[in-house]
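Colleague: Please see the structure below; I have some questions.
Chains as they are written, first to last, in our numbering: chain A, 1 to 122; chain B, 123 to 227.
Here is the structure:
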């Protein structure tokens with residue numbers, strides 16, 4: 001079935017970087033935009049950016065510009081997101097999520113990964 | 123900015139529930155609704171204001187346009203206890219509401 005499976009939880013120190021993976025299966029990876037969304041404890045989701053697996057183009061929320069890089073590996077059908085210069089307020093569950101319509105970036109997210117908990121603390 | 127109301131609601135089974143989402147500017151019909159249970163990923167319930175999705179119970183419906191949107195749950199069931207979020211994909215950056223937590227009495 002269609003699914004996104006993410007890498008495991010991470011514990012980081014302030015200033016560290018983290019790279020989260022999101023492996024897709026059950027659909028044509030290159031056909032759908034992938035988004036990254038984070039959710040801090042007790043908060044609503046926050047959209048971080050999208051990547052187009054077809055070509056690798058990406059767009060980031062201004063809040064994360066310069067600290068976040070999204071990339072894909074079309075051979076392994078896997079997307080990655082790296083966040084640098086981590087701070088304590090980056091502690092959150094990070095999700096990858098798929099656009100519901102092929103080749104559409106402005107869209108609802110119909111498939112979500114299980115989430116990756118990233119904890120940042122000294 | 124998306125603002126949901128109420129933030130919290132305690133309801134009884136079989137009751138009808140209405141959750142509203144107000145956008146700070148016109149977003150046309152690009153408004154979607156998700157359900158999230160504790161420890162789980164969000165689940166898409168309704169997309170583009172009123173489009174229902176395969177596998178989502180028919181008691182969930184959406185309406186609205188422009189800046190004011192509504193998620194309605196008819197005949198609430200115990201399994202509907204969750205937090206509900208609206209999400210707009212019209213303007214950059216895409217945003218979510220702060221959530222409405224439903225408690226079943």
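Cβ atoms here follow ideal geometry from the backbone N, Cα and C, with glycine treated the same way.
As the structure is a computational prediction, the values presented were derived from the model and not from experiment.
Given 8 Å as the limit, is there contact between the region 26-41 of chain A and the region 201-208 of chain B, that is, 3 or more CB pairs closer than that?
Modeller: Counting Cβ pairs under 8 Å, fewer than three are found: no touch.
Colleague: Any chance the region 186-199 of chain B sits against the region 71-78 of chain A, with 3 or more Cβ pairs inside 8 Å?
Modeller: Judged by Cβ distances under 8 Å, the region 186-199 of chain B makes no contact with the region 71-78 of chain A, as fewer than three pairs qualify.
Colleague: Would you check if the distance between the CB atom of residue 99 (chain A) and the CB atom of residue 47 (chain A) is smaller than 9 Å?
Modeller: No, the Cβ-Cβ distance between residue 99 (chain A) and residue 47 (chain A) is not below 9 Å.
Colleague: Where do the N-terminal and C-terminal ends of the beta strand (DSSP E) with residue 195 (chain B) fall, by residue?
Modeller: Residue 195 (chain B) -> beta strand (DSSP E) spans 190-195.
Colleague: Using 8 Å as the threshold, is the region 4-11 of chain A in touch with the region 57-64 of chain A, meaning 3 or more CB pairs across them?
Modeller: Touching, no, given that fewer than three Cβ pairs across the two stretches are closer than 8 Å.
Colleague: Report the neighbours of residue 169 (chain A) on chain B: residues whose CB is nearer than 8 Å to its CB, in chain order.
Modeller: The shown model of chain A, from 1 to 122, leaves out residue 169 (chain A), and the question about it has no answer.
Colleague: Within the continuous beta strand (DSSP E) that includes residue 106 (chain A), where are the two ends?
Modeller: Segment: none, residue 106 (chain A) is in no beta strand (DSSP E) and carries neither H nor E.
Colleague: For a test of the three-state rule: what should DSSP assign to residue 172 (chain B), helix, strand or coil?
Modeller: Residue 172 (chain B): coil per DSSP, three-state reduction.
Colleague: How should residue 180 (chain B) be labelled, buried or exposed, when 16 other C-beta atoms within 10 angstroms of its C-beta is the threshold for buried?
Modeller: That one is exposed.
Colleague: In terms of residue numbering, what span does the beta strand (DSSP E) encompassing residue 73 (chain A) cover?
Modeller: First-last of the beta strand (DSSP E) with residue 73 (chain A): 68-73.
Colleague: Where residue 150 (chain B) and residue 209 (chain B) are concerned, what is the direct C-alpha to C-alpha distance, given to the nearest angstrom?
Modeller: So the two alpha carbons sit approximately 13 Å from each other.
Colleague: Do we get a CB-CB distance below 9 Å when we pair residue 106 (chain A) with the residues of chain B?
Modeller: Closer than 9 Å to some Cβ of chain B, the Cβ of residue 106 (chain A) qualifies, so yes.
Colleague: Can you name, in chain order, every residue of its own chain whose Cβ lies under 6 Å from the Cβ of residue 207 (chain B), other than the five neighbours on each side?
Modeller: Closer than 6 Å at Cβ, skipping near neighbours: 156, 218, 219 and 221.
Colleague: Please return the same chain residues whose Cβ sits closer than 8 Å to the Cβ of residue 170 (chain B), not counting the five positions on each side in sequence.
Modeller: Once the five neighbours on either side are set aside, the close Cβ partners of residue 170 (chain B) are 151, 152, 153 and 154.
Colleague: Look at the alpha carbon of residue 116 (chain A) and the alpha carbon of residue 39 (chain A), and state the distance between them as a whole number of angstroms.
Modeller: Those two C-alpha atoms are separated by around 10 Å.
Colleague: Are the CB atoms of residue 211 (chain B) and residue 112 (chain A) within a distance shorter than 9 Å?
Modeller: Result no, Cβ atoms of residue 112 (chain A) and residue 211 (chain B) do not sit closer than 9 Å.
Colleague: Among B:133, B:134, B:145 and B:137, which has the Cα closest to the Cα of residue 116 (chain B)?
Modeller: Because chain B here runs from 123 to 227, residue 116 (chain B) falls outside it and cannot be looked at.
Colleague: Run through chain B and tell me which residues come within less than 8 Å of residue 44 (chain A), C-beta to C-beta.
Modeller: Within chain B, the residues near residue 44 (chain A) are 207, 218, 219, 220 and 221.
Colleague: Answer with yes or no whether the minimum CB distance from residue 63 (chain A) to chain B is below 9 Å.
Modeller: Chain B contact via Cβ: present.
Colleague: Roughly how many whole angstroms lie between the Cα atoms of residue 225 (chain B) and residue 71 (chain A)?
Modeller: When rounded, the distance between both Cα atoms is 39 Å.
Colleague: I'd like to know whether the C-beta atoms of residue 20 (chain A) and residue 96 (chain A) end up nearer to each other than 9 Å.
Modeller: Yes, the Cβ-Cβ distance between residue 20 (chain A) and residue 96 (chain A) is below 9 Å.
Colleague: Terminal residues of the continuous beta strand (DSSP E) containing residue 24 (chain A)?
Modeller: From DSSP, the beta strand (DSSP E) with residue 24 (chain A) extends over 18-25.
Colleague: Report the three-state DSSP secondary structure of residue 97 (chain A) (helix, strand or coil).
Modeller: Here residue 97 (chain A) sits in strand by DSSP.
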